[in-house]
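Chains as they are written, first to last, in this note's numbering: chain A, 963 to 1116; chain B, 963 to 1116.
Written below as structure tokens is the structure these notes are about.
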DNA sequence: AAATTGTATACCTGGTTAGTATTGAATGCG
DNA sequence: CGCATTCAATACTAACCAGGTATACAATTT
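In structure tokens, the structure reads:
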């Protein structure tokens, strides 16, 4: 699995569209329309995005939502975390781990390292970058180079 | 979230211990003991690991489980996939996507690129590598360098 | 003030996951 | 040959959580 929840997925999709419109505003029902998502669901997602200050909302006639920053400055990590909370691959990685085994587990202090790398990949991928990904092999530049160290060839 | 299920987590932990023992065999109740996991749960996990051919089982007196390959040749990706099936960040990334929106979604062909990178990180991290991760900053070497291309600084 | 648009809360429900129990089959040993 | 040991397979239950929905409320513009 290694899943990102559907709501978070929706969040990214919505941010993507807001990015394309920026700096224009988009009303909630317009968002529902262009994303083909049910309106009540959009409502829920928008709340998360506003709370996380990724989008700015304006009420009243001609109100709507606007991406708070240029798409190149919004990371997937932020987007996902906005909807689902902190990015933790396992319980071990959470701030307050609730894992029964935690203190007797050989891996409790190893997972965070793996988690950190995965998170960094997502942190360094922006909404704008997303546009460049095809279904084809992704190509990625040097900024991530120094992240990779204990990882070996298999 | 971006979660790995608990069973998969257990699976990795078990593989880790089997790796430390290799090539010795370990009976199921011994595994339960050293991992501090309930035995019925271990049973379930072992089935997945055997089916995936990551461990070899032997029955009868002095039977038990043995890691099929050296720990350096077992990736986290395999381990997780053994328990949870294909690694797909979102529905879009699955072989047969069941997403309602899929064909009308702007991102349907973009997620797989992100997915591929995350998966590659996990593919290039072996059980042996796991031992080297501390709670501290992880360092990762060049093999992942060329993966990173459309990712920009934020 | 009225229309438009976002905000907040609370609830339901269905599916997945984790955990368990039971019965069966293979292997090795004396 | 048969008994002890150990894994294998199936099916069930229970809890939780994500996703989805409904409804009533508040703010802003004109």
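Idealized CB from N, CA, C, for every residue including glycine.
Counted as a single uninterrupted DSSP element, the alpha helix (DSSP H) harbouring residue 1042 (chain A) occupies residues 1038–1046. When DSSP states are grouped into helix, strand and coil, residue 1019 (chain B) belongs to the strand group.
In the three-state scheme derived from DSSP, where H, G and I count as helix and E and B as strand, residue 1026 (chain A) is classed as strand. Contact between residue 1055 (chain A) and residue 1064 (chain A) is absent: CB atoms are separated by about 11 Å, not below the 8 Å threshold. At least one C-beta of chain A is nearer than 9 Å to the C-beta of residue 1076 (chain B). Restricting attention to B:1032, B:1005, B:997, the CA atom closest to the CA of residue 986 (chain B) is found in B:1032. In terms of Cβ geometry, residue 1066 (chain A) and residue 998 (chain B) form a close pair [threshold 9 Å].
For the region 993–1011 of chain A, the beta-carbon criterion of a distance under 8 Å to any beta-carbon of chain B is satisfied by 997, 998, 999. The straight-line gap separating the alpha-carbon atoms of residue 1037 (chain B) and residue 1016 (chain B) is approximately 10 Å.
According to the DSSP assignment, residue 1062 (chain B) belongs to no alpha helix (DSSP H), since it is labelled neither H nor E. Between the C-alpha atoms of residue 1039 (chain B) and residue 1070 (chain A) there is a straight-line separation of about 18 Å.
Using beta-carbon distances, residue 1013 (chain A) does not count as an interface residue toward chain B, since no partner is under 9 Å. DSSP lists A:1027 as the beta-bridge partner residues of residue 988 (chain A). Residue B:1085 holds the alpha-carbon nearest to the alpha-carbon of residue 1042 (chain B) among B:994, B:989, B:1085. With respect to chain A, the C-beta atom of residue 1058 (chain B) has no partner C-beta closer than 9 Å. Residue pairing from DSSP leaves residue 1009 (chain A) without any beta-bridge partner. Nearest to residue 966 (chain B) by C-alpha distance, out of A:1089, A:1074, A:972, A:1095, is A:1074. The alpha-carbon of residue 1083 (chain B) is positioned some 37 Å away from that of residue 1019 (chain A).
Annotation: residue 1047 (chain A) to residue 1057 (chain A) spans about 11 Å, alpha carbon to alpha carbon. When the Cα atoms are used, residue 1026 (chain B) and residue 983 (chain B) turn out to be separated by approximately 12 Å. For residue 978 (chain A), the residues of chain B that pass the 7 Å Cβ criterion are 1068, 1069, in the order they occur in the chain. Residue environment for residue 1072 (chain A): buried (at least 16 other C-beta atoms within 10 angstroms of its C-beta). For residue 965 (chain A), the pairing in a beta bridge is given by DSSP as B:965.
The criterion of a C-beta distance shorter than 9 Å is not satisfied by residue 974 (chain A) and residue 964 (chain B).
Using a Cβ-Cβ cut-off of 9 Å, residue 991 (chain A) does not count as an interface residue toward chain B, since no Cβ of chain B sits closer than that to its own. Boundaries of the alpha helix (DSSP H) around residue 1089 (chain B): 1089–1094. Residue 1072 (chain B) has a beta carbon lying within less than 9 Å of a beta carbon in chain A.
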